[in-house]
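Residue numbers (the numbering used here): 44 to 180.
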């Protein structure tokens with residue numbers, strides 16, 4: 044069901060030529076991101092067959108951080124060394140990445156990769172609903 048709704052949403056983007064301009068580069072990058080997430084899920088599933096969720100996430104994201112480290116020199120970083128910058132980095136690293144991917148990996152141990160990727164399509168909808176609820180309260 045989630046996959047069908049995602050396909051319908053993409054089709055609506057392409058069919059509505061009058062209201063919104065669709066950038067082909069953005070669509071290509073979105074498809075690439077989806078492909079890489081599916082690849083990550085398959086690799087993670089294989090790794091989880093050998094180790095527990097926490098060490099698997101730690102190793103995978105440590106390697107990812109090492110690959111992204113050269114890009115740190117390309118962008119402005121002076122805001123990172125403030126109290127607010129450090130708290131944002133810690134929140135993003137712990138709450139939105141570490142905990143989320145540990146829970147995703149723990150679930151991935153119990154269900155097939157295809158089901159996990161399909162279920163993850165509900166994440167943007169859940170985030171939108173939670174943000175509306177948070178704004179209204």
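We treat Cβ as the ideally placed atom computed from N, Cα and C, and that holds for glycine. Remember, predicted model here, so these are calculated numbers, not experimental data.
- The Cβ atoms of residue 149 and residue 96 sit closer than 8 Å to each other.
- Secondary structure remark: continuous beta strand (DSSP E) runs of at least 3 residues inside the segment 76 to 121: none found.
- A buried status is given to residue 100, since no fewer than 16 other beta-carbon atoms sit within 10 Å of its beta-carbon.
- For residue 50, the three-state secondary structure derived from DSSP is helix.
- When rounded, the separation of the alpha-carbon atoms in residue 103 and residue 78 is 17 Å.
- Per the C-alpha coordinates, the member of 67, 85 and 93 positioned closest to residue 158 is 85.
- Counting along the chain, residue 128 sits inside the alpha helix (DSSP H) bounded by residues 126 to 134.
- In the structure shown, residue 155 falls within a coil segment according to DSSP collapsed to helix, strand and coil.
- In this structure, the alpha-carbon of residue 108 lies about 18 Å from that of residue 124.
- Contact check for residue 88 and residue 151: beta-carbon distance about 6 Å, within the 8 Å limit, so the pair qualifies.
- The three-state secondary structure of residue 64, taken from DSSP, is coil.
- Residue 145 holds the alpha-carbon nearest to the alpha-carbon of residue 94 among 122, 145 and 121.
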